[in-house]
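S.K.: Numbering (the numbering used here), first residue to last: 28 to 119. Quick reminder that beta carbons are idealized off the backbone N, C-alpha and C, glycines included. Nothing here was measured: the structure is a model prediction, and the numbers come from that model. Pasting in a structure now, in structure tokens, and then I'll have a few things to ask.
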Amino acid sequence: MDLSEAVFREVGLSRNESAELVESVLQHMSDALVRGEQVKISSFGTFSVRDKAARVGRNPKTGEEVPIQPRRVLTFRPSHLMKEQVAEGNKR
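This is how it looks when you write it as structure tokens:
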């Protein structure tokens, strides 16, 4: 919602066109991630999918060992520019 509003204000598309554009971009990103591809956004960061192997975990309450199934997880690595901007924001 915030992205489509920003596109509406900055680009000048109608609200509906802005929402459709943002939804389309996000759908393309999601599709690429499902295929296991990286999604790089310049000056922002990189989204990728990582396969995690099965392992043995532990229930923190009981201490009982429980198997954790293999799974795919979404990861995000911010760009250096994004890290710098966030760090600057913390100093204010």
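Is it buried or exposed, residue 34, if we count other Cβ atoms within 10 angstroms and call 16 or more buried?
M.R.: The sequence position of residue 34 within the sequence shown is 7, counting from 1. Buried, because 16 or more other Cβ atoms sit within 10 Å of the Cβ of residue 34.
S.K.: Residue 70: buried (16+ other C-beta within 10 angstroms of its C-beta) or exposed?
M.R.: Residue numbering aside, residue 70 sits at position 43 when the sequence shown is read from its first letter. Result: exposed.
S.K.: Does the Cβ of residue 41 have 16 or more other Cβ atoms within 10 Å, making it buried, or fewer, making it exposed?
M.R.: As a working mapping, residue 41 is identified with position 14 in the sequence shown. Residue 41 comes out exposed.
S.K.: Spell out a yes or no on whether the stretch 102 to 117 and the stretch 60 to 75 are touching, meaning 3 or more CB-CB pairs, one atom from each, closer than 8 Å.
M.R.: Yes, the stretch 102 to 117 touches the stretch 60 to 75.
S.K.: Leaving out five residues before and five after residue 101 in sequence, what residues of the same chain have Cβ atoms less than 7 Å from its Cβ?
M.R.: For the purposes of this step, residue 101 is identified with residue 74 of the sequence shown, where counting begins at 1. Here the set comprises 60, 74, 76.
S.K.: Name the two residues that bound the continuous beta strand (DSSP E) containing residue 62.
M.R.: By 1-based counting over the sequence shown, the position of residue 62 is 35. Segment: none, residue 62 is in no beta strand (DSSP E) and carries neither H nor E.
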